[in-house]
Amino acid sequence: MIVKIFCAVLVVLGVSVAIVLGGLIILASCVSGRKKPAGDNTADDEDTFMYTNYMQGFYL
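All residue numbers for the sequence shown refer to the UniProt record's numbering, where the first residue is 1 and numbers rise by one.
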């Protein structure tokens with residue numbers, strides 16, 4: 001009985017943490033999206049460029 005209660009508490013905590021993290025990620029993406037001026041794509045290009053370089057170095 002105690003084990004079932006413990007598992008239920010763990011599941012509830014895990015779900016609540018996942019919801020909070022998801023909300024923070026969505027909020028952060030909205031805030032960072034607002035800061036960029038309209039028509040400025042340089043930040044996005046740099047991010048993808050750095051990501052591809054990182055992946056190439058990782059696979060090599």
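Note that beta-carbon positions come from the ideal geometry of N, C-alpha and C, so glycine has one too.
Report the rounded CA-to-CA distance for residue i versus residue j, giving the unit in angstroms.
{"i": "ILE25", "j": "SER16", "result": "14 Å"}
{"i": "VAL9", "j": "VAL3", "result": "10 Å"}
{"i": "GLY14", "j": "SER29", "result": "22 Å"}
{"i": "residue 67", "j": "ALA18", "result": "The question about residue 67 has no answer, for the chain in this structure spans 1 to 60."}
{"i": "VAL12", "j": "GLY23", "result": "17 Å"}
{"i": "LEU27", "j": "MET1", "result": "39 Å"}
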